[in-house]
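In what follows, a single structure is set out as C-alpha coordinates and then discussed.
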Amino acid sequence: MSIGVCGTAYKWFESYLSEPEHIQDQQSENSTLHCGVPQGSVLGPLLFIVYLLPLGNIFRHYGIQFHSYADDTQLYVSTSPTASLPPNALTTCLHDIQAWMTQNYLKLNSNKTEVLLIGTTTTLQKMTLLQCL
(Lines of atoms letter the chains of each structure in order from A; the text may use other names.)
(Lines give C-alpha, C1' and ligand atoms only; values in the text may rest on other atoms or scores of the structure.)
Protein backbone atom coordinates (compact mmCIF):
# COMPACT_ATOMS: atom_id res chain seq x y z
CA MET A 1 0.00 0.00 0.00
CA SER A 2 1.43 3.36 -0.99
CA ILE A 3 0.69 6.40 1.13
CA GLY A 4 2.69 8.84 -0.97
CA VAL A 5 5.87 9.02 1.12
CA CYS A 6 8.91 9.08 -1.14
CA GLY A 7 12.19 10.86 -1.74
CA THR A 8 13.61 12.79 1.19
CA ALA A 9 10.67 12.02 3.48
CA TYR A 10 11.06 8.28 2.84
CA LYS A 11 14.81 8.44 3.51
CA TRP A 12 14.11 10.32 6.75
CA PHE A 13 11.74 7.57 7.99
CA GLU A 14 14.20 4.89 6.89
CA SER A 15 16.98 6.60 8.82
CA TYR A 16 14.75 7.10 11.87
CA LEU A 17 13.88 3.40 12.00
CA SER A 18 17.29 1.93 11.20
CA GLU A 19 20.15 4.22 12.20
CA PRO A 20 21.49 5.00 15.68
CA GLU A 21 20.85 8.41 17.25
CA HIS A 22 23.67 10.96 17.43
CA ILE A 23 23.47 13.57 20.20
CA GLN A 24 26.56 15.73 20.57
CA ASP A 25 29.45 13.23 20.70
CA GLN A 26 27.32 10.31 21.91
CA GLN A 27 25.78 7.58 19.77
CA SER A 28 22.97 5.25 20.79
CA GLU A 29 23.22 1.50 20.31
CA ASN A 30 22.38 0.29 16.85
CA SER A 31 19.51 -2.17 17.05
CA THR A 32 17.79 -3.54 14.00
CA LEU A 33 14.01 -3.43 14.11
CA HIS A 34 12.33 -6.26 12.25
CA CYS A 35 8.89 -4.95 13.14
CA GLY A 36 7.45 -2.16 15.25
CA VAL A 37 8.89 1.22 16.10
CA PRO A 38 11.18 2.40 18.90
CA GLN A 39 9.23 2.30 22.18
CA GLY A 40 8.33 5.71 23.53
CA SER A 41 9.04 7.38 20.22
CA VAL A 42 7.15 10.49 19.20
CA LEU A 43 6.38 9.03 15.78
CA GLY A 44 5.28 5.62 17.13
CA PRO A 45 1.53 6.38 17.25
CA LEU A 46 1.54 7.93 13.77
CA LEU A 47 3.48 5.04 12.26
CA PHE A 48 1.12 2.55 13.94
CA ILE A 49 -1.88 4.29 12.37
CA VAL A 50 -0.19 4.13 8.96
CA TYR A 51 0.53 0.43 9.56
CA LEU A 52 -3.19 -0.17 10.21
CA LEU A 53 -4.43 1.62 7.07
CA PRO A 54 -5.14 -1.65 5.20
CA LEU A 55 -7.76 -2.56 7.82
CA GLY A 56 -9.93 0.23 6.43
CA ASN A 57 -9.94 -1.51 3.07
CA ILE A 58 -11.25 -4.70 4.69
CA PHE A 59 -14.05 -2.83 6.48
CA ARG A 60 -15.03 -0.94 3.31
CA HIS A 61 -15.01 -4.18 1.28
CA TYR A 62 -17.82 -5.48 3.48
CA GLY A 63 -19.66 -2.15 3.66
CA ILE A 64 -19.00 -1.80 7.38
CA GLN A 65 -18.72 1.68 8.85
CA PHE A 66 -15.84 2.26 11.27
CA HIS A 67 -13.64 4.77 12.99
CA SER A 68 -10.29 4.39 14.67
CA TYR A 69 -8.41 6.28 17.34
CA ALA A 70 -4.88 5.13 18.13
CA ASP A 71 -5.17 1.37 18.68
CA ASP A 72 -8.96 1.34 19.21
CA THR A 73 -11.35 0.65 16.35
CA GLN A 74 -15.14 0.71 16.43
CA LEU A 75 -17.29 -0.99 13.81
CA TYR A 76 -20.88 0.03 13.13
CA VAL A 77 -23.37 -2.32 11.54
CA SER A 78 -27.08 -1.69 11.14
CA THR A 79 -29.56 -4.32 10.04
CA SER A 80 -33.27 -4.74 9.64
CA PRO A 81 -35.14 -6.49 12.48
CA THR A 82 -35.62 -9.56 10.25
CA ALA A 83 -31.95 -9.91 9.25
CA SER A 84 -29.83 -12.81 10.43
CA LEU A 85 -27.67 -12.04 13.44
CA PRO A 86 -24.82 -11.54 13.39
CA PRO A 87 -24.83 -10.32 9.79
CA ASN A 88 -22.82 -12.54 7.44
CA ALA A 89 -20.78 -9.54 6.28
CA LEU A 90 -19.69 -8.82 9.86
CA THR A 91 -18.75 -12.43 10.57
CA THR A 92 -16.72 -12.72 7.36
CA CYS A 93 -15.13 -9.31 7.93
CA LEU A 94 -14.01 -10.31 11.43
CA HIS A 95 -12.43 -13.49 10.04
CA ASP A 96 -10.56 -11.42 7.43
CA ILE A 97 -9.44 -8.94 10.09
CA GLN A 98 -8.11 -11.78 12.24
CA ALA A 99 -6.23 -13.23 9.26
CA TRP A 100 -4.76 -9.81 8.34
CA MET A 101 -3.66 -9.21 11.92
CA THR A 102 -1.99 -12.63 12.15
CA GLN A 103 -0.15 -12.02 8.85
CA ASN A 104 1.00 -8.62 10.13
CA TYR A 105 2.21 -9.72 13.57
CA LEU A 106 -0.70 -8.24 15.53
CA LYS A 107 -3.11 -9.85 17.96
CA LEU A 108 -6.79 -9.07 18.33
CA ASN A 109 -7.32 -8.81 22.07
CA SER A 110 -10.58 -10.67 22.71
CA ASN A 111 -10.54 -9.52 26.35
CA LYS A 112 -10.94 -5.94 25.16
CA THR A 113 -13.46 -6.71 22.43
CA GLU A 114 -16.98 -5.55 23.19
CA VAL A 115 -20.33 -5.61 21.41
CA LEU A 116 -23.07 -3.05 21.93
CA LEU A 117 -26.47 -4.10 20.64
CA ILE A 118 -29.18 -1.53 20.11
CA GLY A 119 -32.48 -2.73 18.74
CA THR A 120 -36.05 -3.68 19.28
CA THR A 121 -36.99 -6.09 22.05
CA THR A 122 -37.59 -8.83 19.47
CA THR A 123 -34.21 -8.30 17.81
CA LEU A 124 -32.36 -8.31 21.13
CA GLN A 125 -34.18 -11.47 22.26
CA LYS A 126 -33.16 -13.17 19.01
CA MET A 127 -29.53 -12.25 19.68
CA THR A 128 -29.75 -13.57 23.25
CA LEU A 129 -31.06 -16.89 21.92
CA LEU A 130 -28.18 -17.12 19.44
CA GLN A 131 -25.62 -16.56 22.20
CA CYS A 132 -27.09 -19.49 24.15
CA LEU A 133 -26.67 -21.92 21.23
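If you count by the UniProt record's numbering, then the sequence shown holds residues 1 to 133, one letter each, in order.
The beta-carbon is built from N, C-alpha and C at its ideal position, and this holds for glycine as well.
CA-to-CA distance, residue j to residue i, given in whole angstroms
i           : j           : result
residue 60  : residue 53  : 12 angstroms
residue 79  : residue 109 : 26 angstroms
residue 47  : residue 125 : 42 angstroms
residue 95  : residue 116 : 19 angstroms
residue 89  : residue 62  : 6 angstroms
residue 146 : residue 11  : Examination of residue 146 is not possible in this model, given that the chain is present from 1 through 133 alone.
Closest residue to residue i among the options (Cα-Cα distance)
i           : options           : result
residue 101 : 71, 89 and 25     : 71
residue 138 : 55, 91, 13 and 75 : Within the shown structure, residues of the chain are numbered from 1 to 133, placing residue 138 beyond reach of any answer.
residue 104 : 62, 77, 39 and 50 : 50
Within 8 angstroms, strictly: CB atoms of residue i and residue j
i           : j          : result
residue 123 : residue 86 : no
residue 64  : residue 93 : yes
residue 55  : residue 97 : yes
7 angstroms CB neighbourhood of residue i in its chain, flanking five on each side removed
i          : result
residue 45 : 70
residue 67 : 74
Cβ shell of residue i (< 8 angstroms), same chain only, five flanking positions each side left out
i           : result
residue 5   : 13
residue 120 : 81
**Report entry** Continuous alpha helix (DSSP H) assignments of at least 4 residues falling wholly in the UniProt domain "Reverse transcriptase" (1-129)
**Finding:** 7-18, 44-51, 53-61 and 88-103
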